[in-house]
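Notes follow the structure.
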Amino acid sequence: MDEQIENWQVQIRNVAPMMQKAEYELLKSEADVKRVIALWKAVALSEGIKTASGQDNFAENKEEVYQSRLAVAVAKGQLSAVKVELRALEVGFEEWRTKMVNAREERKRYGA
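Going by my numbering, the sequence shown wraps up at 136, each residue one higher than the last.
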């Protein structure tokens, strides 16, 4: 039984590096969006666009900003997938644990 518990723990621990990588990619891609927008706002200012809304519009219409936002969406999807995998392992463990408790109760009840 201890070996089975250890197997569940190992499976859950194996998700941690994937979770770490997914969270890193999300934060990195969000930072990239901010960096790219700031860069294009500076370009807009150098081209004579002085208002913040004008600079925002200038930056938002650039392909690089669009691609950066897509990278954020992909990173969020990867993080969600890892969270679903972790939750599936947790549900599987709870189901296994319930079966073990039920089997133990049956053995007590029927003396097997």
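Yeah, the Cβ is synthetic: ideal placement off N, Cα and C, and Gly gets one too. Remember, it's a predicted structure, so these values are computed and weren't measured experimentally.
Verify whether the separation of the beta carbon atoms of residue i and residue j is less than 9 Å.
| i | j | result |
| --- | --- | --- |
| residue 65 | residue 80 | yes |
| residue 89 | residue 43 | no |
What is the rounded straight-line gap between the Cα of residue i and the Cα of residue j?
| i | j | result |
| --- | --- | --- |
| residue 131 | residue 108 | 35 Å |
| residue 133 | residue 49 | 52 Å |
| residue 118 | residue 125 | 10 Å |
| residue 129 | residue 115 | 21 Å |
For residue i, which residues in the same chain have their Cβ closer than 6 Å to its Cβ, ignoring the five residues on either side in sequence?
| i | result |
| --- | --- |
| residue 102 | 46 |
| residue 92 | 56, 57 and 60 |
| residue 36 | 113 |
Suppose the cutoff is 8 Å on Cβ atoms and the five residues either side in sequence are ignored; what does the same chain contact list for residue i look like?
| i | result |
| --- | --- |
| residue 120 | 28 and 32 |
Looking at the ligand NAD, does it come within less than 8 Å of residue i, judged from the CB to the closest heavy atom?
| i | result |
| --- | --- |
| residue 115 | As far as ligands go, the structure on display features none, and thus does not contain the ligand NAD. |
If I measure Cβ to Cβ from residue i and keep anything under 7 Å in the same chain, skipping five residues before and after, which residues do I get?
| i | result |
| --- | --- |
| residue 83 | 61, 64, 65, 68 and 89 |
| residue 39 | 106, 109, 110 and 113 |
| residue 86 | 64 |
Which residues bound the alpha helix (DSSP H) around residue i?
| i | result |
| --- | --- |
| residue 116 | 87-134 |
| residue 36 | 26-37 |
| residue 78 | 76-84 |
| query | Using 8 Å as the threshold, is the region 89-106 in touch with the region 38-57, meaning 3 or more CB pairs across them? | reply | Segments in contact, yes.
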